[in-house]
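Each remark here refers to the structure printed beneath this line.
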Amino acid sequence: VQLQASGGGLVQAGGSLRLSCAASGIVSSMFTIGWYRQAPGKQRESVASISSGGSTNYADSVKGRFTISRDNAQNTVYLQMNSMKPEDTAVYYCKASRSSWPWKGDYWGQGTLVTVSS
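Position 17, counted from 1, in the sequence shown is what our numbering calls 85; the numbers after and before it change by one each time, with no gaps.
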């Protein structure tokens, strides 16, 4: 099982980025996929998630600015980030979670760095 997060980079405040979380070895549509972030010196926090049924949840800090979506044909989940702020600067991780077999468990991807300049 592998999750490959990509799409990070440097963006100015007010700009946009789209992160991708590409899954292999699993059928990602069977999982809840979450995006998390960890800023320097801070704990990792949940940003957004999408369930296997398509329900979405967002942290209050990103509501109205970030959108999570999935392309089941591509086995990929996206995080569209708009109106970005310097406080969005962090390493972003994706996680796939499933509570039943097959593939029961949590699977993390490597992080992708997002830097928002003021």
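The beta carbon of each residue, even a glycine, is placed where N, CA and C say it ideally should be.
Identity of the residues DSSP links to residue i by a beta bridge
i	result
A141	Answer by DSSP bridge pairing: none, since A141 is not bridged.
I136	L147
A81	Per DSSP, none; premise fails for A81.
Delimiting residues of the beta strand (DSSP E) encompassing residue i
i	result
Q106	T100 to Q106
Q72	Q70 to S74
T124	T124 to Y126
Classification of residue i by the beta-carbon crowding that lies within 10 angstroms, buried from 16 upward
i	result
D156	buried
S96	buried
R138	buried
Short CB-CB distance (under 8 Å) between residue i and chain B
i	result
G173	Within the model displayed, chain B is absent; a lone protein chain is all it includes.
For residue i, the nearest candidate out of the options (CA to CA)
i	options	result
S185	I118, S165 and A158	A158
K172	L71, L87, Q80 and I94	I94
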